[in-house]
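Asks:
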Amino acid sequence: MSTLSIQNIAKRFKEIDAVKNITLEIHSGEFFSVLGPSGCGKTTLLRLVAGFEKPSSGRILIDGSDVTDIPPQSRGIGMVFQNYALFPHMTVFENVAFGLEAKKVPKQQIRAAVERILNAVDLHHKMETPVPNLSGGEQQRVAVARALVIEPAVLLFDEPLSNLDVALREKTREEIRQLQRKTGITTMYVTHDQSEAMSLSDRIAVMRSGRFEQVGSPSEIYEAPDSSFVAQFLGGANILNGTLAPSGRLVIGDLHLTMPPRAEGSNLGEVTVAVKPEAITLLPVQQSDHGEAQIEEKQYLGFTTHFVIRANDVTLRVAALSSDFTKRLTIGDSVGFRVEWSGCSMFARE
Amino acid sequence: MVRMFDVCAGVVSENLSQLSKIVGKHMREFRLLNGLLGSFVFVIVAGYVCYPLYVTLTTSLHVNGSFSLTHYIDLLSPRNSAAWEAVWNSVLVSILTVSFSGVVGMVFAIVLTQIEFPGRELLSRFAILPIALPPLVGVISFLLVFGESGILPKVIQRMLMTTTVPFALDGIPAIVVVHVYSFYVYFYLFISTGLRRLDSSLIEAASGFGSTPWRTYRRIILPELRPALFGASILTFMASMASFSAPLLFAGEKRFMTLQIYTTKLNGYLDIAAAQSVLLTVISVGFFLLLKVSGESGIQRRMTRGSSRLGKLALGTLARAVLLTAFFLMVAIELLPILTIVAISFVREGSWTWQIVPTVFTIENYKKLLSDPHSFAPIGNSLLMSCIALVASVVVGVAAAYLIVKGGLQRTKSMFDALVTFPFAIPGTIIAISLILAFNSPNLLSGYTVLVGTFWILPLAYFIRLYPLVVRSTGAALGQLDDSLLEAGQSCGAGLWRRFRRIVFPLIAPGIVSGALLVTISALGEFVSSILLYTYSSRPISVEILSELRSYDFGGAAAYSVILLMFIMGIIYLSRLLLQRLHMGVTRQYF
C-alpha cells in the first residue's frame, strides 16, 4: 500500500507546455483516473510518473520518498500500455516472468507467482502460448498480469481498453476493477472515455490543456461540474451561452427560459449554462414550459431515445426514456419541453 | 601523408562533437554511445568508401599532377568509337535485361502466387535460387550448356547431323540471357509481394462497377504493381550496368563499360580507368535517378482500411495453360545449367574436349581440390576473407543501422542513411579501382602500408560492397522494434543490459542474421572486384574458377563451382536453423 504524491509538476516540450504545474495526492489503494481529450497532457503526466519523461520542474514522491531522479526500472511502478507492449518473441509465461527475473527472484517462486497471477486473469491454460497467438482481450490480460506480478507500489494504466471492442471493453473494465480492489494497489488510470473513468474510479481528475479542471469523485464531478468544459466532457451537456436577466429569465438567443427562483443572484449577466441531455423532458406542445420546438433528429437506442430539437434557433440534445410518447414522435414534429434545473449548472461566461 | 592525417583527425573530432550535439539533445541515456558509434561509422564510411571514390575522381581530373579534363575529352570525343560503343552496349544490354527480366519475373510471380498446382512450394524455393548463385558460376554453367562448345548445341548438332552447331549463345543475346537468369529474381520477389498485397475488395469493387477483366488489369492491378515494377527495374538496371562476369566471358569482340575499365587497368592506365569509372557511375546513377523520378510520380498511397483478403486474378484456362508452360520451360532452363555443372565436376580432366556428353566420371577433381594445398588455397582464402568481411560488415552495419533508426538523428538522418548505403549502388569494378588508387601508397587509413597487392585489400573490398546489406536488414528489424517494448521492459524493472539482451537482441537478431547471410554468400563467390585486386597467394575461388576455365580444365572449374555452391547451401541451411532457434525465443528454463 503506497501513496503517490505529485508536486508542482510541469513538463515543457520544445514549444508546448504539456503539463502545467500539477499537484496531486493519490491515496494508498486508491483508483485514480485522469480523464481528458486527446492532447490534454494526460499521457505525458502518466509518463512523468513512470519516469519515461523527466519533468521540467516539480517532484514526484512515492510513499514519501522522492523518485524524480530515479530511473523507471527502480521506481517500483507497473505499467499497462495502450498497445500492451507485450514482448512478441516470448510466451505468456515468459512475458509475465520477465519482471520477476529482473528482480532476481528465485525460479521456484517465479513459477508460483506467475501461475497465481495467470490464474487470477484466467489465462493459466495459455501459459505456453506465444503472445502473438492470443486474442486482443487475452493480450490485454497478459499486460495486466505482467504489471501486477511485480507487486508495484503504483500501477499505471495508459488507455488500456481503447484497442478492445465494446463488449470486451466492459468486461475487462470490471476485471480490472476487481483485481485492483483485491490487490489494493494504488492505481493511476489515464483515459479519454468518461464512462470508463466513472465506472472504475474512486476519484477522477478532468484534465484540459495541461491543467486539472476538476478533481473529485465521479458523482461530484458529474453532478456538480466546476466548469462548462467538465459538464460537456462528462455529461455530454448542452452548452448554452446566454444572459441572466434580473427577472429570473434566462435569455439564450431568441429563446427565453424561465428560471426557478434560486439563490444564485451573483450569476446575473453573461452566463454559460450546461444542460444535461437527460435534464430535458419532452412534452406535448400544450403542456410545454418553454414554447414550441421542432424535432430535427431521432435516434432510438432501446431503453432511451435521443433527440435533437430546435427551439427558436437553439439546438438541444435530449436523452429521454423510451415511452409510448417518444415512439410517436417523428422528425419534423412540434414538441414541447421542460428543463429540470437540477440537471443544469451555470457558470459565469468564460 | 601528414595532410591526410590532419584531414582524418579533423573529420573525427568535428564529427564527434557534431554527432553528440545532434544526438545528445534527444537521448540522454545514450549520448556518449551514440557519439562514439557515429564517429566510428562515419570514419569507416568516409575513409574507406568516400575517400577512395574521391581519389578516383581527382585522379581522373589530373594529368601529370595538374588539373585537366583531357581524360574526359579523349573519352567522350566522337572519334573515340570504342568508348561510345561500350556505353551503347552497356545501356542496350541493361535495357534488354530489364525488359526480359520483367517478363520472366512476372510469369514466375503470377504462376507461383495465383495458380494452384502440386509442387508449388518447392518450386517457389527454386525460384529464388539465382540469388544464392555467384554470378560467375551462373555465367560458366550457361557457357557449358548453351555456349559454342556447350552440351545442348552439340547434342542438337548430332541429332540434325549438321557440320556446324545450329545455335550457340554468344555476344549480346548471351549476356542478356545470363542477366535475365541472374536478375529476374528482383522482379519475381517485388511483383509477388505486390500481388500478395493485392486486396480482393479492389478487384471486387471494380467488377461491381461493371469493369471487364482486361480493364481491371489495366486500371486497377497494373497501377497497384507499379511501385514494385519500378523498384525491380531500378535494381535490375543498376545490376546489369555493373555486371562484369557475363561480358567477360560472352562479349567476344564487343565492348562494355565494366570490361573497358578492367582492360584499361590491366594495361596500366589507372588514370584513364578512373575517368571511365566516373563515367560509368554518372551514367548508371543518371538512369537510376531517371527511373526513380518517373517511377515515383503518380504513386498513390494505399487507402484500404480494415482487414483485407488476398485478391486473386481472374485467369482464363488458356492464359493459365500458357503461363504454366512458359513457367516450366523457364524452370527447366534454370535448372539445366546447375545440373550440368554438377555433372561436369565429375569429369576427368582432359577427357571432355571432343565428346559431346561426358562418359567417364570420377571424383578426382574433388580429391585434388581438397588434398593438393595449391588447389585448396583459393578455398581457404575465400573462406577466410568472407569471414573477415562478415565480421566487419556486421559490426559496422549494425552500428550504422542503430544510428539511422534509433539514433535520434533529425535532419541529417536521410543524408546519413544515403551516405551509409550508397556503396551498394556502386559497381564492384569501380570499388576495386578506387581502392587501388587510394591505397597504392601508404597512409593512415591503410595502416601506413601499401594495401594494394596484399591479402587485406580483398576483404576490404568485400566489406565495402556488402555491409549495406546488413544496414538494410538490421535497419528494417530495428524499425519494427516498438519503443514501448523497451519502456515496458523498464517498467518491469529491467536495466539497460537486460533490456538489450532479452528484448532488443532477440528481436533484431533475425535481421542481422539474414543480412549476414547475404554478405557471406556474396563474399564467398565475389569475383568482380577480386579479379582486379587479387595476387596469386590471395586468389579467391572465383578467380581460380576463371583460370581453370582458361586452361580448359572444365572439370576443375565445375568442381570449384560445386564446392562453392555447397558452402553457400550449407550456410543458408545453418542460418535457417539459427533463425528458427532465434524465433523460438529463449530456451524454456522453467519446464
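Protein chains in written order, with my numbering: chain A, 3 to 352; chain B, 2 to 592.
The beta carbon of each residue, even a glycine, is placed where N, CA and C say it ideally should be.
Tell me, please, whether the CB atom of LYS13 (chain A) is closer than 7 Å to any CB atom in chain B?
Replies: no
Asks: Among residues of its own chain, excluding the 5 on either side of GLY586 (chain B), which ones have a beta-carbon nearer than 6 Å to its beta-carbon?
Replies: At GLY586 (chain B), the pLDDT of 48 sits below 50, so the modelled position is not reliable; the number obtained from the coordinates is stated separately. Contacts found: none.
Asks: Establish whether the CB of HIS91 (chain A) and some CB of chain B are separated by less than 7 Å.
Replies: Answer yes: the Cβ-Cβ gap between HIS91 (chain A) and chain B drops below 7 Å somewhere.
Asks: So for SER102 (chain B), helix, strand or coil by DSSP?
Replies: helix
Asks: Tell me whether PHE43 (chain B) is buried or exposed, calling it buried when 16 or more other Cβ atoms sit within 10 Å of its Cβ.
Replies: buried
Asks: Please state if the CB of GLY526 (chain B) and the CB of TYR468 (chain B) are separated by a distance shorter than 7 Å.
Replies: Taking a C-beta distance under 7 Å as the contact criterion, TYR468 (chain B) and GLY526 (chain B) do not qualify as a contact pair.
Asks: DSSP puts ASP160 (chain A) in a beta bridge; with which residues?
Replies: A:VAL192
Asks: Please list the terminal residues of the continuous beta strand (DSSP E) segment that includes MET81 (chain A).
Replies: 79 to 82
Asks: Could you check where the alpha helix (DSSP H) with GLU545 (chain B) kicks off and where it finishes?
Replies: For GLU545 (chain B), the uninterrupted alpha helix (DSSP H) segment begins and ends at 542 to 551.
Asks: Taking Cβ-Cβ distances shorter than 8 Å, what residues in chain B pair up with MET200 (chain A)?
Replies: The premise fails here: MET200 (chain A) is roughly 27 Å from chain B at the closest Cβ pair, so nothing lies under 8 Å.
Asks: Along chain A, in chain order, which residues have C-beta atoms closer than 9 Å to that of ALA495 (chain B)?
Replies: GLN75, PHE100, GLY101, GLU103 and ALA104
Asks: Which class does CYS51 (chain B) belong to by DSSP, given the choice of helix, strand or coil?
Replies: Helix at CYS51 (chain B).
Asks: For ALA175 (chain B), which three-state DSSP category applies?
Replies: ALA175 (chain B) falls in the helix class under three-state DSSP.
Asks: Please list, in chain order, the chain A residues whose beta carbon lies closer than 9 Å to that of ALA477 (chain B).
Replies: By Cβ distance, chain A contributes nothing, its closest Cβ being about 15 Å from ALA477 (chain B), past 9 Å.
Asks: Please tell me whether GLN296 (chain A) and ARG312 (chain A) are closer than 7 Å, where the distance is taken between their beta carbons.
Replies: yes
Asks: Once you ignore the five residues that flank LEU336 (chain B) on each side, which residues in its own chain have a CB closer than 8 Å to its CB?
Replies: Within its own chain, the residues whose Cβ lies closer than 8 Å to the Cβ of LEU336 (chain B), once the five positions on either side in sequence are excluded, are PHE127, listed in chain order.
Asks: Taking Cβ to Cβ, would you say LEU88 (chain A) is nearer than 7 Å to VAL151 (chain A)?
Replies: no
Asks: Per DSSP, CYS346 (chain A) forms a beta bridge with which residues?
Replies: Answer is A:VAL277.
Asks: How about LEU566 (chain B): is its C-beta nearer than 7 Å to some C-beta of chain A?
Replies: no
Asks: Decide if LEU230 (chain B) is buried, meaning its Cβ has at least 16 other Cβ atoms within 10 Å, or exposed.
Replies: buried
Asks: Compute the Euclidean distance between the alpha carbons of MET3 (chain A) and SER203 (chain A), then round it to the nearest angstrom.
Replies: 17 Å
Asks: Find out if the Cβ-Cβ distance for the pair ALA1 (chain B), ALA433 (chain B) is shorter than 7 Å.
Replies: This structure cannot speak to residue 1 (chain B), because chain B is shown only from 2 to 592.
Asks: Report the rounded CA-to-CA distance for VAL46 (chain B) versus VAL421 (chain B), giving the unit in angstroms.
Replies: 7 Å
Asks: Enumerate in chain order the residues of its own chain whose CB-to-CB distance from SER376 (chain B) is below 6 Å, with the five nearest sequence positions on each side excluded.
Replies: LYS369 and LEU370
Asks: Kindly identify the DSSP beta-bridge partner or partners of ALA322 (chain A).
Replies: A:THR307
Asks: So, does the CB of GLU140 (chain A) fall closer than 7 Å to a CB anywhere in chain B?
Replies: no
Asks: Rounded to whole angstroms, what's the CA-CA distance from ASP192 (chain B) to MET242 (chain B)? Just pull it up for me.
Replies: What sits at residue 192 (chain B) in the sequence shown is Ile, not Asp. Those two C-alpha atoms are separated by around 22 Å.
Asks: Check whether the Cβ atoms of ILE176 (chain B) and PHE251 (chain B) lie closer than 7 Å to each other.
Replies: yes
Asks: Within the chosen definition, does the region 124 to 138 of chain A reach the region 529 to 546 of chain B through at least 3 CB pairs nearer than 8 Å?
Replies: Not touching, per the Cβ criterion.
Asks: Please confirm if PRO424 (chain B) has its CB atom under 7 Å from at least one CB of chain A.
Replies: no
Asks: With DSSP collapsed to three states, give me the class of ALA169 (chain A).
Replies: The three-state reading of DSSP puts ALA169 (chain A) in helix, counting H, G and I together.
Asks: Roughly how far, in whole angstroms, is the beta-carbon of PRO154 (chain B) from the beta-carbon of PRO167 (chain B), given that I think they are within contact range, below 8 Å?
Replies: 6 Å
Asks: Under 7 Å between the Cβ atoms of LEU76 (chain B) and ALA83 (chain B)?
Replies: No; because the gap between Cβ atoms is not below 7 Å, this pair is not in contact.
Asks: Could you pull the start and end residues of the beta strand (DSSP E) that ASP19 (chain A) belongs to?
Replies: 18 to 28
Asks: So what does TYR302 (chain A) bridge to, in DSSP terms?
Replies: In the DSSP output, where bridge partners are listed per residue, TYR302 (chain A) has A:THR307.
Asks: List the DSSP bridge partners of ASN243 (chain A).
Replies: A:THR274
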